[in-house]
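For the protein sequence lines, the chains are A, B and C, in the order given.
With the first sequence counted from 1, adding 122 to any position gets you this note's numbering.
With the second sequence counted from 1, adding 73 to any position gets you this note's numbering.
With the third sequence counted from 1, adding 299 to any position gets you this note's numbering.
Virtual Cβ for every residue (Gly too), placed ideally from N, Cα, C.
First up is the structure itself, then whatever we jot down about it.
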Amino acid sequence: MSHLEFLGAAYAAVWLLIFGYAWRLSRATRKLSDRLDELERTDRRDAGS
Amino acid sequence: MFALIRKDLLLETRSKETIASLFLVGLLILFIFILSLNVEQSRVLEVAPGVLWAAIVLASLLGLGRTFLIERENGCLAALLLAPIDRSSIFLAKFLVNLLLMLTFEALLLPAFALFFALDVLPALPKLCTVLLAGSIGLAAAGTLFALAALNTRSRELMLPVLVLPLEVPLLLACVHATEAVLRGASLASVGRWAVYLVGFDVLFVISAWLMFEYLDLDG
Amino acid sequence: MKMTGDMNALTKRFEKLILALIPIPTSLAVLTSLWAVFLWVPTERNLGIVQRIFYYHVPSALACYVGFIIAALASIAYLARGKQVYDHLARAGVEVGMLFASMVLITGPLWAKPSWGTYWTWDARLTTMFVLWLVYFAYLLLRAFSRDDEMGKRFAAVLAIIGTLDIPLIVLATRLWQGAHPAVLQSTKADSGLKDPAMGITLAICMLAFALLFTWLWTLRFSVLRMTEAVEELEYRNDEALAS
Numbered sequence: 123m124s125h126l127e128f129l130g131a132a133y134a135a136v137w138l139l140i141f142g143y144a145w146r147l148s149r150a151t152r153k154l155s156d157r158l159d160e161l162e163r164t165d166r167r168d169a170g171s
Numbered sequence: 074m075f076a077l078i079r080k081d082l083l084l085e086t087r088s089k090e091t092i093a094s095l096f097l098v099g100l101l102i103l104f105i106f107i108l109s110l111n112v113e114q115s116r117v118l119e120v121a122p123g124v125l126w127a128a129i130v131l132a133s134l135l136g137l138g139r140t141f142l143i144e145r146e147n148g149c150l151a152a153l154l155l156a157p158i159d160r161s162s163i164f165l166a167k168f169l170v171n172l173l174l175m176l177t178f179e180a181l182l183l184p185a186f187a188l189f190f191a192l193d194v195l196p197a198l199p200k201l202c203t204v205l206l207a208g209s210i211g212l213a214a215a216g217t218l219f220a221l222a223a224l225n226t227r228s229r230e231l232m233l234p235v236l237v238l239p240l241e242v243p244l245l246l247a248c249v250h251a252t253e254a255v256l257r258g259a260s261l262a263s264v265g266r267w268a269v270y271l272v273g274f275d276v277l278f279v280i281s282a283w284l285m286f287e288y289l290d291l292d293g
Numbered sequence: 300m301k302m303t304g305d306m307n308a309l310t311k312r313f314e315k316l317i318l319a320l321i322p323i324p325t326s327l328a329v330l331t332s333l334w335a336v337f338l339w340v341p342t343e344r345n346l347g348i349v350q351r352i353f354y355y356h357v358p359s360a361l362a363c364y365v366g367f368i369i370a371a372l373a374s375i376a377y378l379a380r381g382k383q384v385y386d387h388l389a390r391a392g393v394e395v396g397m398l399f400a401s402m403v404l405i406t407g408p409l410w411a412k413p414s415w416g417t418y419w420t421w422d423a424r425l426t427t428m429f430v431l432w433l434v435y436f437a438y439l440l441l442r443a444f445s446r447d448d449e450m451g452k453r454f455a456a457v458l459a460i461i462g463t464l465d466i467p468l469i470v471l472a473t474r475l476w477q478g479a480h481p482a483v484l485q486s487t488k489a490d491s492g493l494k495d496p497a498m499g500i501t502l503a504i505c506m507l508a509f510a511l512l513f514t515w516l517w518t519l520r521f522s523v524l525r526m527t528e529a530v531e532e533l534e535y536r537n538d539e540a541l542a543s
């Protein structure tokens, strides 16, 4: 493997890890945020009734 | 606390299961290593200390969970926690019992080790025993602390090596090299720095484990 | 289990603040670092272009240590105070720390092989990083396999603390070991090679970028943990309401 390929592999690994993790986290954030809104609506409804 | 120690020791001496099984496992590990490694007698000291400690560590990991496992299965753990003693004292009791178990096991294993590797350990015996003691203290401290953690998981005893071994890596490094130095009859200086390290490690681990046991919410 | 108390409100506010403010500076820092590393900084004479890996390798290590130390401190707070928020901070710290540790362990060998001919060496820095990786991997396994009770979380906290306390022990043991058998290869931190001031600046830019990245990812992870707890709390209450 040429030096350039090592360099490329290293940077690719770093960015894949960071983006992959950040992607997973933002998906989870969105899902949880929606669920949380939904639950808070039901909660408020129950409290009101 | 002494009552606890007496109780566990009594259990062990009556059944002798643990010691016998530990000894057999240790023996088998030594044997398997000898079969799979092709070492000339002239170079035996390069390999033997490592094999010895591998056997000690692997066998003890199997044995260390037992003192808690028995309690848990008998539902004694809850009763124990209600007793008016420090949590830390429970740790000390278990730690000392485990340490005693390990030392007994090592005492039995050592002659076999010397025999299998054709090593004359007698001249180095006191120093060797010191190294074994120091290593066992560290192993027992970490093992006792995390044995309960491992039992609290779905994979139970399988977790204990996973939890303890990474933390013990520096200890094992020191033990193997100290053992090698002692068996080679090395100077006091070269053994000395490993010895100092071992003492430092043990002090840190035992005190940390003892302190932290207090903060574990064992009622859960 | 209710999330009350000043600590929770405080962390919630910080969390929102960080998540709102941090994306732009982080993106800028990252882009600048890429420019600096690939287009600006001169090539190191001895090691060639592969040496550029160094500019990401070292900041990753730093971010990793920061993560683990934060986790240890948060774990101490958790053992002392018992508030769930500390447990979340610790867990997030370990996860993000592990992410960066993995980066160190991947970039290290990729740098070492073309530079010094071998993928791995047992010098103090790499060995320490590897052992830490094992210790905190064990932490993640413990969290995954423990029953979801106080005891599981507390044991994890103990592991996080002892793991960090172990760091000097590992370094010392490796040095004692390598002292007898000196490593043939250089350690991976070529601080003697920073001859050009541009290299120092590039490193500083990358450190900044990684510090910001760490903060962002850590806060995001913490936020996910906090929201998961809130969701579980609300679902529990809803079930209770339905039952009654």
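Taking 7 angstroms as the cut-off, is the C-beta of residue i nearer than that to any heavy atom in the ligand NAP?
| i | result |
| --- | --- |
| residue 171 of chain B | Annotation note on the ligand NAP: not contained in the displayed structure, which lists no ligands. |
Does any C-beta atom of chain C lie closer than 8 angstroms to the C-beta of residue i?
| i | result |
| --- | --- |
| residue 141 of chain A | no |
| residue 160 of chain B | no |
| residue 165 of chain A | yes |
| residue 267 of chain B | yes |
| residue 131 of chain A | yes |
| residue 288 of chain B | yes |
| residue 293 of chain B | At residue 293 of chain B the pLDDT is 40, less than 50, meaning the model places this residue with poor confidence; the figure from the coordinates comes in the next sentence. Yes, because at least one Cβ of chain C sits closer than 8 angstroms to the Cβ of residue 293 of chain B. |
| residue 281 of chain B | yes |
| residue 209 of chain B | no |
| residue 156 of chain A | no |
| residue 243 of chain B | yes |
| residue 275 of chain B | no |
| residue 91 of chain B | no |
| residue 159 of chain A | no |
| residue 272 of chain B | no |
| residue 247 of chain B | yes |
Examine chain B for any beta-carbon lying closer than 8 angstroms to the beta-carbon of residue i, and answer yes or no.
| i | result |
| --- | --- |
| residue 397 of chain C | no |
| residue 528 of chain C | no |
| residue 318 of chain C | no |
| residue 440 of chain C | yes |
| residue 390 of chain C | no |
| residue 428 of chain C | no |
| residue 378 of chain C | yes |
| residue 360 of chain C | no |
| residue 490 of chain C | Its pLDDT being 46, under 50, residue 490 of chain C is placed unreliably by the model, and the measurement read from it follows with that caveat. No, residue 490 of chain C does not count as interfacial toward chain B. |
Residue i and residue j look like a contact to me (Cβ under 8 angstroms); what is the Cβ gap, rounded to whole Å?
| i | j | result |
| --- | --- | --- |
| residue 165 of chain A | residue 537 of chain C | 7 angstroms |
| residue 367 of chain C | residue 396 of chain C | 5 angstroms |
| residue 122 of chain B | residue 256 of chain B | 7 angstroms |
| residue 475 of chain C | residue 288 of chain B | About 32 angstroms separates the two Cβ atoms, so there is no contact after all. |
Looking at the C-beta of residue i, does it have a partner C-beta in chain A at a distance below 8 angstroms?
| i | result |
| --- | --- |
| residue 484 of chain C | Note that residue 484 of chain C scores 43 on pLDDT, short of 50, meaning its location in the model is unreliable; the coordinates nonetheless yield the value given after this. By this cut-off, residue 484 of chain C is not an interface position. |
| residue 533 of chain C | yes |
| residue 496 of chain C | no |
| residue 506 of chain C | no |
| residue 487 of chain C | Residue placement at residue 487 of chain C is flagged as unreliable, the pLDDT there being 45, under the threshold of 50; the coordinate-derived value follows with that caveat. So, not an interface residue. |
| residue 332 of chain C | no |
| residue 312 of chain C | no |
| residue 536 of chain C | yes |
| residue 405 of chain C | yes |
Could you work out which residue in the options is closest to residue i when comparing CA atoms only?
| i | options | result |
| --- | --- | --- |
| residue 530 of chain C | A:132, A:154, A:149 | A:154 |
| residue 261 of chain B | B:248, B:286, B:200, B:163 | B:200 |
| residue 181 of chain B | B:212, B:161, B:94 | B:94 |
| residue 501 of chain C | C:339, C:327, C:311 | C:339 |
| residue 510 of chain C | C:346, C:322, C:465, C:473 | C:322 |
| residue 254 of chain B | B:179, B:194, B:281 | B:194 |
| residue 113 of chain B | B:228, B:198, B:189, B:259 | B:189 |
| residue 391 of chain C | C:409, C:403, C:372 | C:372 |
| residue 97 of chain B | B:197, B:108, B:265, B:135 | B:135 |
| residue 312 of chain C | C:541, C:518, C:543 | C:518 |
What are the boundary residues of the alpha helix (DSSP H) that residue i is part of?
| i | result |
| --- | --- |
| residue 243 of chain B | 232-256 |
| residue 357 of chain C | 353-380 |
| residue 325 of chain C | 322-334 |
| residue 537 of chain C | 496-542 |
| residue 192 of chain B | From DSSP, residue 192 of chain B is part of no alpha helix (DSSP H); its letter is neither H nor E. |
| residue 415 of chain C | 383-415 |
| residue 113 of chain B | Taken as a continuous stretch (DSSP letters only), residue 113 of chain B belongs to no alpha helix (DSSP H), as it is neither H nor E. |
| residue 281 of chain B | 261-288 |
| residue 200 of chain B | 198-224 |
| residue 431 of chain C | 423-444 |
Short of 8 angstroms Cβ to Cβ, which residues in the stretch 364-375 of chain C face chain B? none
With 7 angstroms as the C-beta to C-beta threshold (strictly closer), list the residues of the stretch 442-454 of chain C near chain B in chain order. Within the stretch 442-454 of chain C, contact with chain B at the beta-carbon level (separation under 7 angstroms) is assigned to 444, 445, 446, 448, 449, 450, 451, 453, 454.
Taking beta-carbon pairs under 9 angstroms, can you tell me which members of the stretch 461-476 of chain C lie near chain B? The stretch 461-476 of chain C vs chain B, Cβ under 9 angstroms: 461, 462, 464, 465, 468, 469, 470, 471, 472, 473, 475, 476.
Check distances from the C-beta atoms of the stretch 409-435 of chain C to those of chain B and list, in chain order, the residues that come in under 7 angstroms. 430, 433, 434
Name, going along the chain, the residues of the stretch 212-228 of chain B whose beta-carbon falls closer than 9 angstroms to a beta-carbon of chain C. Listed by position, the residues of the stretch 212-228 of chain B near chain C (Cβ gap below 9 angstroms) are 215, 218, 219, 221, 222, 223, 225, 226, 227, 228.
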